[in-house]
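Asks:
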Amino acid sequence: MKIGKKSICVLGTLTTVFSMSLLGTDNASAMTTVSKQHISTENSINRAWEYVWPVYRLTTPYTVGGNDLELIQRVVGVKLDGIYGPATANAVKTFQSRNGLKADGVVGPATWEKICRAAPVLRSGSSGGYVSLVQRYLGVQPYDGIYGSKTVAAVKNYQKFHGITADGVVGPNTWKYLVMEGIWE
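Residue numbers for the sequence shown, in mature numbering (1 follows the signal peptide of the UniProt record, and there is no 0): -30 to -1, 1 to 155.
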């Protein structure tokens, strides 16, 4: 389960209300304080919430990944084994070379940008492995690889939450946000 900015704000607000009730603060005063605290907390969270690229490189032991690594392996055309091993690293180097990047096998920001542009644009009616991947990123079950109304709705909600155009289409920008899911910096 992913926790977003709004969940954290609500949790902070509920914690404040509970703390104030233990201290015996009157309701009107408590709610004024909670409202101010909620706004202050939300503003702080908006400033602290950063989107960063995960970095994949060949390591020992090999990196085992989830959805992000699957996207890499799909785009560079290697076996989907969930392991960033020599085969994936070599395919990434080839991909980097073909896309005018330094062929070092490290999937960092520049390589991610190219991967997100190389991933297919998905929309209602699309089907296949990339659709299943989007469904897993968003928790749309069943993961059947069919871009139907549930997937469209989930994509639109995700796009709205992240402040990007909510058209229900997974293109380069939505792929980018799926990979760069916010983490605390």
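Glycine is no exception: its CB is placed at the ideal position from the N, C-alpha and C atoms.
Who are the near neighbours of residue 2 in its chain, counting only those whose CB is closer than 7 Å to its CB and skipping five residues on each side?
Replies: Caution applies to residue 2, whose pLDDT of 40 falls short of 50 and renders its modelled position unreliable; the value that the coordinates give is listed next. Correct list: empty, nothing qualifies.
Asks: Between residue 116 and the ligand NAD, is there a pair consisting of the residue's CB and a ligand heavy atom that are separated by less than 6 Å?
Replies: Ligands displayed in this structure: none; no statement on the ligand NAD is therefore possible.
Asks: Do you know whose CA, among 126, 84, 105, 135, lies nearest residue 23's CA?
Replies: 84
Asks: Spatial neighbours of residue 69 within its chain, please: CB distance less than 7 Å, with the 5 preceding and 5 following residues excluded, ordered by chain position.
Replies: 84
Asks: Mapping the DSSP letters down to three states, classify residue 9 as helix, strand or coil.
Replies: Low local confidence applies: a pLDDT of 42 at residue 9 is under 50, so the model's placement there is unreliable, with the coordinate-based value given in what follows. Looking at residue 9 - three-state DSSP - the assignment turns out to be helix.
Asks: By a C-beta neighbour count over all protein chains shown, 10 Å radius and 16 as the cutoff for buried, is residue 65 buried or exposed?
Replies: buried
Asks: Identify the continuous alpha helix (DSSP H) that holds residue 45 and give its terminal residues.
Replies: From DSSP, the alpha helix (DSSP H) with residue 45 extends over 37 to 46.
Asks: Report the rounded CA-to-CA distance for residue 90 versus residue 40, giving the unit in angstroms.
Replies: 14 Å
Asks: If we call anything under 7 Å between Cβ atoms a contact, is residue 71 one with residue 59?
Replies: no
Asks: Report the start-end ranges of each alpha helix (DSSP H) in the segment 89 to 145 that is 4 residues or longer and not cut off at the edges.
Replies: 99 to 108, 119 to 131
Asks: With DSSP run on the structure shown, which of helix, strand or coil describes residue 77?
Replies: Residue 77 carries a strand assignment under DSSP once its states are collapsed to helix, strand and coil.
Asks: Give the C-beta separation of residue 125 and residue 103 to the nearest angstrom, bearing in mind that I take them to be a contact with Cβ-Cβ under 8 Å.
Replies: The beta-carbon separation of residue 125 and residue 103, rounded to 12 Å, does not stay under the 8 Å limit for a contact.
Asks: Under a Cβ-count criterion, where at least 16 other Cβ atoms within 10 Å of its own Cβ denotes burial, should residue 145 be classed as buried or exposed?
Replies: buried
Asks: Counting only the same chain and skipping the five closest in sequence on each side, list residues whose C-beta sits under 6 Å from that of residue 76.
Replies: 27
Asks: Can you give me the Cβ contacts of residue 137 inside the same chain, cut-off strictly under 8 Å, excluding the 5 residues immediately before and after it?
Replies: 126, 129
Asks: If residue 35 sits next to residue 52, beta carbons under 8 Å apart, how far is it from one beta carbon to the other, in whole angstroms?
Replies: Yes, they are in contact, since the Cβ atoms of residue 35 and residue 52 sit about 6 Å apart, within 8 Å.
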